[in-house]
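In the working numbering, the protein residues as written are 6 to 465. Positions of the beta carbon are idealized from the N, C-alpha and C atoms, including for glycine. Quick caveat: nothing in here was measured; it's all calculated off a predicted structure. Inspection log for the structure reproduced underneath, given as structure tokens.
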């Protein structure tokens with residue numbers, strides 16, 4: 006049995022020697038593998054599959070052992086989940102999210118998840134869908150033929166408006182949309198950059214730290230104002246705010262605590278959904294044959310309610326492929342006791358990472374994984390189920406609580422936009438990257454054109 010020869014006294018790892026765990030070539034003093042990650046973070050994680058099932062990655066003076074194998078991931082998140090706590094990335098966001106669902110562990114996490122789950126039950130989702138469709142239809146109607154749109158910004162505003170309208174029963178104005186867009190960007194960037202900074206730097210008043218903390222405070226205050234206003238109004242809307250206000254019984258919870266739960270849902274829902282939609286639009290613009298098949302399916306189906314979108318077989322296979330090829334880059338856990346993984350023994354305090362992006366690009370799981378192919382997925386008429394290793398929303402107790410909401414939002418928004426428009430790529434300089442759990446481009450200019458008769462009528 007191979008084992009660690011040293012471990013951190015303070016719970017965060019320095020360059021721990023674990024000689025037999027495979028490591029990525031190109032580790033540099035001080036920087037570790039950080040220079041390679043910064044060049045192309047997605048490709049870096051995908052390439053880990055060729056190195057091993059669990060791979061040592063050095064980020065500055067931090068050491069993370071990254072899982073690229075689904076069976077090992079299942080062991081960590083499902084079979085032996087009690088042996089792990091949140092870990093590296095969550096230390097940073099706790100400064101903003103407090104003791105909310107996204108950072109809670111163990112019984113506290115289970116209690117909060119049980120509390121918030123009614124907001125995401127199917128009956129609740131059916132009441133949210135019309136709001137999402139109304140916002141998506143309004144966006145589609147605002148465009149003109151030949152217009153160059155900045156798709157990511159448009160989608161971000163749409164996702165924010167839909168989430169606030171659905172879960173918070175609030176219609177934001179333009180100023181609110183701009184405010185929240187900026188806050189989400191600052192929180193996402195600050196969470197990622199700050200989590201890999203040495204502790205001394207992470208606590209200094211650097212610009213990235215100041216913006217991160219300020220954005221978190223402003224977003225929490227925004228959510229708290231919505232909660233206080235609802236309580237004062239005495240209205241009941243059967244939404245997330247009602248659940249937060251009336252589900253604790255006689256147990257008193259501060260408005261700050263309630264706002265932290267709301268911020269968790271708001272941030273998680275906005276960032277990941279926007280990134281996925283942005284990639285969906287990118288793929289549609291660069292794969293006209295895929296877009297044409299989708300528009301044919303939508304046209305043939307006629308006017309569907311949001312609750313009927315599961316009938317659109319190719320749309321759902323397309324979304325499966327988008328979420329497979331554009332998945333969360335790196336998430337972390339930390340051992341709270343000695344654990345064994347792939348023949349290695351890791352003591353308490355070891356940072357374990359897992360890359361869903363790497364698992365979804367693993368050629369041992371998905372044939373020709375770099376090829377974008379919606380037809381790799383079984384049709385809705387096929388009795389075969391999805392691959393068990395397909396986990397775009399994670400798995401076990403760590404599965405995203407809003408996964409069903411996100412899927413309905415993706416279906417509804419794409420259905421509305423593709424019913425009216427085709428999207429063409431626009432020649433531009435290299436697109437900037439936006440930092441977030443799912444890496445995406447920071448902006449995406451596209452030309453919109455009315456759906457052509459040829460696209461609609463060509464045989465499937």
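Residue i - DSSP class collapsed to helix/strand/coil
| i | result |
| --- | --- |
| residue 103 | coil |
| residue 240 | coil |
| residue 135 | helix |
| residue 256 | coil |
| residue 343 | coil |
| residue 443 | coil |
| residue 217 | helix |
| residue 378 | coil |
| residue 397 | coil |
| residue 63 | strand |
| residue 364 | helix |
| residue 212 | helix |
| residue 428 | strand |
| residue 451 | strand |
| residue 438 | strand |
Residue from the options with nearest C-alpha to residue i
| i | options | result |
| --- | --- | --- |
| residue 289 | 158, 450, 260, 74 | 450 |
| residue 394 | 432, 329, 147, 269 | 329 |
| residue 352 | 343, 447, 322 | 343 |
| residue 143 | 268, 299, 160 | 160 |
| residue 260 | 227, 276, 239 | 227 |
| residue 135 | 57, 147, 311 | 311 |
| residue 382 | 348, 436, 323, 438 | 323 |
| residue 180 | 192, 162, 410, 92 | 162 |
| residue 380 | 445, 414, 298 | 298 |
| residue 408 | 281, 141, 52 | 281 |
| residue 46 | 362, 238, 145 | 362 |
| residue 137 | 115, 154, 168, 152 | 168 |
| residue 249 | 116, 309, 188 | 116 |
| residue 127 | 440, 413, 428, 435 | 413 |
| residue 89 | 31, 50, 340, 326 | 340 |
| residue 439 | 277, 367, 151, 58 | 277 |
| residue 434 | 444, 448, 442 | 448 |
| residue 411 | 271, 206, 202, 26 | 271 |
| residue 306 | 294, 293, 84, 320 | 320 |
| residue 42 | 234, 186, 201 | 201 |
| residue 333 | 275, 398, 44 | 398 |
| residue 445 | 283, 106, 313, 95 | 283 |
| residue 415 | 431, 455, 317, 441 | 317 |
| residue 429 | 235, 69, 152 | 152 |
| residue 191 | 31, 224, 164, 206 | 224 |
| residue 385 | 150, 314, 123, 221 | 314 |
| residue 392 | 338, 66, 325 | 325 |
| residue 336 | 236, 96, 327 | 96 |
| residue 92 | 378, 453, 356, 129 | 356 |
| residue 178 | 140, 369, 94 | 140 |
Spatial neighbours of residue i in its chain, beta-carbon cut-off 7 Å, leaving aside the 5 residues before and after
| i | result |
| --- | --- |
| residue 403 | 82 |
Own chain, CB closer than 6 Å to residue i, minus 5 neighbours either side, in chain order
| i | result |
| --- | --- |
| residue 252 | 120 |
| residue 424 | 303 |
| residue 437 | 447 |
| residue 457 | none |
| residue 48 | none |
| residue 279 | 160, 161, 164 |
| residue 452 | 153, 429, 431 |
Own chain partners of residue i with C-beta closer than 8 Å, once the 5 adjacent residues on each side are dropped
| i | result |
| --- | --- |
| residue 53 | 29, 60, 62, 71, 73, 360, 363 |
| residue 405 | 273, 277, 398, 399, 411 |
| residue 285 | 323, 324, 327, 415, 419 |
| residue 79 | 400, 401 |
Cβ-heavy atom distance, residue i to the ligand NAP, below 7 Å
| i | result |
| --- | --- |
| residue 96 | Questions concerning the ligand NAP fall outside what the structure shown contains, since it holds no ligand whatsoever. |
Does the contact criterion of 3 or more C-beta pairs under 8 Å hold for the region 198–212 versus the region 244–252?
no
Alpha helix (DSSP H) runs wholly inside the region 119–191, at least 4 long, in chain order
127–147, 156–172
Below 8 Å, can you find three or more Cβ-Cβ pairs linking the region 265–281 to the region 155–174?
yes
So does the region 102–115 actually touch the region 369–383, counting three or more Cβ pairs closer than 8 Å?
no
Along the chain, which unbroken stretches of the beta strand (DSSP E) at least 3 residues long are found entirely within the region 273–359?
336–340, 344–346, 349–351, 356–359
Touching by the beta-carbon criterion (3+ pairs, under 8 Å), the region 215–233 and the region 93–109
yes
Inspect the CB distances between the region 417–424 and the region 289–309 and report whether three or more fall short of 8 Å.
yes
How do the region 70–84 and the region 194–203 stand: do at least 3 beta-carbon pairs fall below 8 Å, yes or no?
no
Contact between the region 60–68 and the region 32–44 is defined here as three or more beta-carbon pairs at a separation below 8 Å; is this criterion met?
yes
Are at least three pairs of beta-carbons, each pair with one atom in the region 424–437 and one in the region 138–157, less than 8 Å apart?
yes
So within the region 24–79, which uninterrupted alpha helix (DSSP H) runs reach at least 4 residues, ignoring any that extend past its ends?
39–44, 46–52, 75–79
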